[in-house]
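2 protein chains.
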Amino acid sequence: MDVVLGVDIGGTGIKFGLVTKRGKILYTDKVKTKAYPKPEKLPEDLKKRIGAVLKEKDLTLRGIGIGTPNGNYFTGTIDNAPNLPWKNLVPLKEYFQNTFNLPVALTNDAKAAALGEMQYGAGKGCKHYIFITLGTGLGSGIIVNGKLVYGYDSLAGELGHIIVHRNGRECGCGRKGCLEQYASATGIVKTYYELLRTKSIDDFRMSLGNMIDAEAIYKKAKAGDEIAIDSFKRTGEILGFALANSVCYTRPEKIFLFGGLAQAGDLLFEPTIQSFNENLLRIYEGKIKILPSGLKESEAAILGAASLIWKEMPRNKKK
Amino acid sequence: MDVVLGVDIGGTGIKFGLVTKRGKILYTDKVKTKAYPKPEKLPEDLKKRIGAVLKEKDLTLRGIGIGTPNGNYFTGTIDNAPNLPWKNLVPLKEYFQNTFNLPVALTNDAKAAALGEMQYGAGKGCKHYIFITLGTGLGSGIIVNGKLVYGYDSLAGELGHIIVHRNGRECGCGRKGCLEQYASATGIVKTYYELLRTKSIDDFRMSLGNMIDAEAIYKKAKAGDEIAIDSFKRTGEILGFALANSVCYTRPEKIFLFGGLAQAGDLLFEPTIQSFNENLLRIYEGKIKILPSGLKESEAAILGAASLIWKEMPRNKKK
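As you go down the protein sequences, you meet chains A and B in turn. Start counting the first sequence at 1; every next residue gets the next number (our numbering). Start counting the second sequence at 320; every next residue gets the next number (our numbering).
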């Protein structure tokens, strides 16, 4: 059976898996990113690790798809990724090609997941959508006419850096008020602390000794904590506003929300959809759905990376 | 010689012209919009008016392209255009098809001009750009991979209604703070009066008896009037900010500014480019040009409308 190696590169770990054309993951494993101070060692090592599996399960490797922070589809390089140990430009596509001698495609992790949504998730058959990942930051992929928008140099779809508050929160990009400073796991924590400080300076001070994360805010909200619930409301309010503006660009049919924060369900979706509707241009009213992603959190990145290759593979290929 | 009839529908007048594939306008004329309380009379009348010209110049009409406010490319209708005398849905494409029995294409006026820019203007050979018309309102067309983005229902590219100031100026769309309330001929007049009122309430009151327009503000600015110059600065500041955000969606190579305000040249371009650069995400720095349109103001709409048909015409068609 034909499979593709999907590789999901993150700041902490590198997940990889063997994926069939139908999106079944036949094998997965993980290595630590810091185990590869030299990225050129990665392909060789992965080749060894999957070699036995391919043989044992009688699988034929057809290509390698890679999703990575700051991945550039056109050049096949990782460009100055702040959260990876590899600086400057890393020609990772070339490294993999040299090792495997097979088709390799590399792109930004959010773009890979956006494609995975089309091939294996809730985006099947949908030609116009926006895919948003709400993780540590906010990533996105925009689909127009069934194709991912790469733009002039593969750097389209940076919705995390839409400025939503001029002179708002400082962003890692060096500017202020970017969307991902509000609508992301990091953003909701900041919002939580802002609200807590406003309500009670003592609670705020006490909480600082025991830093809270987005998951803890979710649990608090579920338990009825007002500040936690309000944190989700404010996050949704800003996200809904930004998405309403976003619709004016490419007029999607659907918007998919993926990632940790999106798993909070109604806590996030309700205020997001309410704000979206309040801020939406009338000609779009009632026409655009905001939906949860159809991809499993644990599988999305590998599936997305693999779909990069399956999409490029000639359709008349046997098997 | 083959020609296409380009029709540019406006609130006051309807301009039309016979356009060759190379973009030469062989004949133009104009009728008053209010002369057609029933839009179904328009095609018949235009047919009569161009009939003699076609014969005399030995031209073959190959199709009709129509640019109109609220034109929907997919349905061929004009949808609830507030500035036209025709209410609800007007199936204008069908009316023209019935009369001429030739290919007809209809779209939003700004989208038509964006295509005209590609075929006949400064967008030749550019696969990724954003086209902005700064007229009474702000219209736009987004080009991705050499194709106009229509989105799910032809209503993509409504950048005039990006909200740039929450709770800002009231917009005709029923919301507040839309970009076109600031960056348009109407917007700069509002900005001028705001600045004038802040500076001198007496000047402000006196000026109200003699309403100023965008062209007068341009002349005042050229003559050194500080409030007029400042009005352009503030207009450019907001436009540049909005364009910097816009780049995050489709990552264009270029941005073209068209229309009355854009003809103010440096008065508008300098503050726009400055603000654009200040607000731009670093990964795009120095890579995106903001340029004046290459289309003549008087010809753009007819050329754009005509280009709709020339673009759809099979390439192997003789002559």
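Glycine included, each C-beta is placed from N, C-alpha and C at the ideal position. Since we're looking at a predicted model, the values are computed, not measured.
Annotation for F258 of chain A: no alpha helix (DSSP H) segment contains it, though the beta strand (DSSP E) segment containing it runs 254 to 258. Using a CB distance cut-off of 8 Å, G435 of chain B does not count as an interface residue toward chain A.
V31 of chain A has its alpha-carbon roughly 29 Å from the corresponding atom of I188 of chain A. Residues of the segment 202 to 231 of chain A with a Cβ closer than 9 Å to any Cβ of chain B: none.
In this structure, DSSP gives R381 of chain B an extended state, which the three-state scheme calls strand. In the structure shown, S275 of chain A falls within a helical segment according to DSSP collapsed to helix, strand and coil. Contact of P69 of chain A with chain B is not assigned, every C-beta pair being separated by 8 Å or more. The beta carbon of T133 of chain A does not come within 8 Å of any beta carbon belonging to chain B, so the residue lies off that interface. Residues of chain B whose Cβ lies closer than 7 Å to the Cβ of A156 of chain A are, in chain order, Y568, T569, R570. Listed along chain B is no residue with a C-beta nearer than 7 Å to that of I143 of chain A; the closest approach is about 11 Å.
According to the DSSP assignment, G6 of chain A belongs to the beta strand (DSSP E) that extends over 2 to 9.
By the neighbour-count criterion, in which 16 or more other beta carbons inside 10 Å mark a residue as buried, P362 of chain B falls on the buried side. Using a Cβ-Cβ cut-off of 8 Å, D153 of chain A counts as an interface residue toward chain B, since at least one Cβ of chain B sits closer than that to its own. For G384 of chain B against S626 of chain B, the beta-carbon gap comes to about 7 Å, under 8 Å, which counts as contact. Interface annotation, N277 of chain A: not in contact with chain B, CB-CB separation never under 8 Å. D109 of chain A places its beta carbon 8 Å or farther from that of T75 of chain A.
The Cβ-Cβ distance between F450 of chain B and G460 of chain B falls below 8 Å.
Counting only runs of 4+ residues, the alpha helix (DSSP H) found wholly inside the segment 475 to 526 of chain B occupies 504 to 518, in chain order.
Residues of the segment 174 to 192 of chain A that bring their beta carbon within less than 8 Å of a beta carbon in chain B comprise G174, R175, in sequence order.
Of A:G260, A:T198, A:Y129, the smallest CA-CA separation from K287 of chain A is found for A:Y129.
Residue state for N72 of chain A is assigned as strand, using DSSP reduced to three classes. Any Cβ of chain A closer than 8 Å to the Cβ of N427 of chain B would place that residue at the interface, and such an atom is absent.
Three or more Cβ pairs closer than 8 Å define a contact, and the segment 541 to 557 of chain B meets that threshold against the segment 582 to 590 of chain B.
Residue pairing by DSSP places G543 of chain B opposite no residue, since no beta bridge is assigned to it. Along the segment 255 to 287 of chain A, the positions whose C-beta sits under 8 Å from a C-beta of chain B are N279, L281, R282, I283, Y284, K287, read in chain order. Look at Y471 of chain B here: in three-state DSSP terms it is coil, with no helix or strand label.
Taking a 10 Å sphere around the C-beta of M118 of chain A, we find 16 or more other C-beta atoms and assign the residue as buried. Put simply, of A:G71, A:G116, A:T77, A:D58 the residue whose alpha carbon is nearest the alpha carbon of E297 of chain A is A:G116.
Excluding its 5 nearest sequence neighbours in each direction, P85 of chain A has C-beta neighbours in its own chain below 7 Å: T33, K34, P37, listed in chain order.
At a cut-off of 8 Å between C-beta atoms, I481 of chain B counts as an interface residue with respect to chain A. In the pairwise beta carbon analysis, the segment 545 to 559 of chain B is classified as touching the segment 508 to 526 of chain B: at least three pairs are separated by under 8 Å. Three or more beta-carbon pairs drawn from the segment 172 to 183 of chain A and the segment 590 to 602 of chain B are found closer than 8 Å, and the two stretches are therefore classed as touching.
Counting along the chain, P358 of chain B sits inside no alpha helix (DSSP H), nor does DSSP assign it H or E at all.
For D532 of chain B, the secondary structure class from DSSP, reduced to helix, strand or coil, is coil. Between the C-alpha atoms of L134 of chain A and S275 of chain A there is a straight-line separation of about 17 Å. In this structure, the beta-carbon distance from I25 of chain A to E312 of chain A does not fall below 8 Å.
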